[in-house]
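Let me begin by presenting the structure, written as structure tokens, before commenting on it.
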């Protein structure tokens, strides 16, 4: 998957035919999957190469078929649904750091939604169900809104956004005070006994970080020791940027104005 993913990006960036030939000759590696993550990159490569398919490279049809299978596995109402949503509407793949799968899936859905729109394709068929590009984009928006606070707990899972967000992140730099407020040395044992086990909010607010998120019942335990749900990661945030950028694409909103949009209800609404 990493080789297809890399070749797809290198072809997009360079237009060097050797990368196109690579993905053409290795289409047999492509698999229909139901998640996109740091460890499983097929869906990302498929979304990139499906755009090339609609651009005229019809030999890439397997990638188009496989990415549509991925979307059908996620979209509520699909007859080939594989991934369930919580009662509150959040995609739920697995318990440990579930938001990584939500944000990465949303990026793929966003990319393919735009591909459909720019190619004047009316949508995709998932058995008896049909989803237009705008319906796919609306589902992405619902996931972004959930992360930012439109959920049963009214909790923003992005630190510093809205009025209620995680305070006890499982993050060493955030949970131990800075040298400016605590000049004396903090040893490993001190870090554990004095800060890791503390019930106080983290002394360093990790603004912008997105944590692993709630459990399958939409419940979030704001506790430092619960790393499966309270740990922020780059692979959550990086994919979230892609989804939000796609939602803002074509609007007149400046990207840095995102945190000013409807902060009272913790939602993105445009």
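Residue numbers (UniProt numbering): 1 to 270.
Just so you know, even glycine gets a beta-carbon here, dropped at the ideal spot from N, CA and C.
Owing to the predicted nature of the structure, the values given are computational and were not obtained by experimental measurement.
Query: Taking the alpha-carbon of residue 7 as reference, which of 227, 19 and 13 has the nearest alpha-carbon?; Result: 19
Query: Please classify residue 91: does DSSP put it in a helix, a strand, or coil?; Result: strand
Query: Determine the burial state of residue 67: buried for a count of at least 16 other Cβ atoms within 10 Å of its Cβ, exposed for fewer.; Result: buried
Query: Over what stretch of residues does the beta strand (DSSP E) that includes residue 124 continue unbroken?; Result: 124 to 126
Query: Looking at C-beta atoms only, is the number of pairs between the region 50 to 64 and the region 181 to 191 that lie closer than 8 Å three or more?; Result: no
Query: Should residue 5 be labelled buried (16 or more other beta-carbon atoms within 10 Å of its own) or exposed?; Result: buried
Query: Which class does residue 37 belong to by DSSP, given the choice of helix, strand or coil?; Result: strand
Query: Between which two residues does the beta strand (DSSP E) harbouring residue 129 extend?; Result: 129 to 131
Query: Residue 165: buried (16+ other C-beta within 10 angstroms of its C-beta) or exposed?; Result: buried
Query: Given 8 Å as the limit, is there contact between the region 79 to 94 and the region 195 to 210, that is, 3 or more CB pairs closer than that?; Result: no
Query: Hey, residue 140 and residue 247: beta-carbon distance below 9 Å or not?; Result: yes
Query: Quick one: what does DSSP say residue 135 is sitting in, helix, strand or coil?; Result: helix
Query: Between which two residues does the alpha helix (DSSP H) holding residue 117 run?; Result: 99 to 118
Query: Below 7 Å CB to CB, which residues in the same chain sit around residue 103 once its five sequence neighbours on both sides are set aside?; Result: 236, 239, 240 and 243
Query: Please go through the same chain and pick out, in chain order, the residues whose beta-carbon is closer than 7 Å to the beta-carbon of residue 40, but skip the five residues on each side of it.; Result: 1 and 33
Query: By alpha-carbon positions, which one of 188, 153, 190 and 147 ends up nearest to residue 209?; Result: 147
Query: Between 14, 63 and 59, which lies nearest to residue 29 when the distance is taken from Cα to Cα?; Result: 63
Query: Pop quiz: residue 157 and residue 211 are said to be a contact at Cβ under 8 Å. What is the actual Cβ separation, rounded to whole angstroms?; Result: 5 Å
Query: Excluding the five sequence neighbours on either side, which residues of its own chain have a C-beta within less than 8 Å of the C-beta of residue 249, listed in chain order?; Result: 114
Query: Please report the distance separating the alpha-carbon of residue 203 from that of residue 231.; Result: 16 Å
Query: Starting from the C-beta of residue 144, find all residues in its chain whose C-beta is less than 8 Å away, skip the five residues before and the five after it, and write them out in chain order.; Result: 106, 240, 243, 244, 247 and 268
Query: Nearest by alpha-carbon distance to residue 96: which of 138, 227 and 136 is it?; Result: 227
Query: Which value, in whole angstroms, describes the spacing of the CA atoms of residue 129 and residue 123?; Result: 10 Å
Query: Please report the straight-line C-alpha distance between residue 94 and residue 179, rounded to a whole angstrom.; Result: 37 Å
Query: In the UniProt region "Disordered" (203 to 229), which residue ranges form an unbroken alpha helix (DSSP H) of at least 4 residues, counting only runs that do not cross its ends?; Result: none
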